[in-house]
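So the structure is just underneath, and the comments pick up after that.
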Amino acid sequence: MRRMMKMGKRCYHAKQNYQLGDQKYKAQSRLEKEEYVYDELMKNHKEQLTDYQISGARKYLDEVREEHIKEIAKKLK
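In this note's numbering, the protein residues as written are 865 to 941.
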């Protein structure tokens with residue numbers, strides 16, 4: 865299942881890149897990219913994931929959010 869999540873994550877990043885185009889995709893923050901992947905995983909594969917995997921995905925997204933907030937705070941100083 866972990867392998868499926870990694871493959872799915874890569875596929876969702878590629879799908880979003882294709883939908884937006886390189887320039888718009890690269891202009892997105894890491895948070896925007898990871899939120900898209902998380903939302904797609906939950907929408908399309910939630911029933912196949914364990915509670916542990918979902919919790920891990922949420923934890924990862926929370927970590928990315930925290931990093932994003934820190935980056936914004938640095939820019940505002």
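Cβ coordinates follow ideal geometry from the N, Cα and C atoms, glycine included.
The alpha-carbon of Glu930 is positioned some 16 Å away from that of Tyr902. With fewer than three CB-CB distances shorter than 8 Å, the region 883-891 does not count as touching the region 922-936. Take the alpha-carbon of Leu884 and the one of Glu935: they are about 24 Å apart. In this chain, the alpha helix (DSSP H) harbouring Lys907 covers 894-909. Under the criterion of beta carbons closer than 8 Å, Val928 and Leu895 qualify as touching, at roughly 5 Å.
If the five residues before and after Asn881 are omitted, its C-beta is found closer than 7 Å to the C-beta atoms of Tyr889, all from its own chain and listed in chain order.
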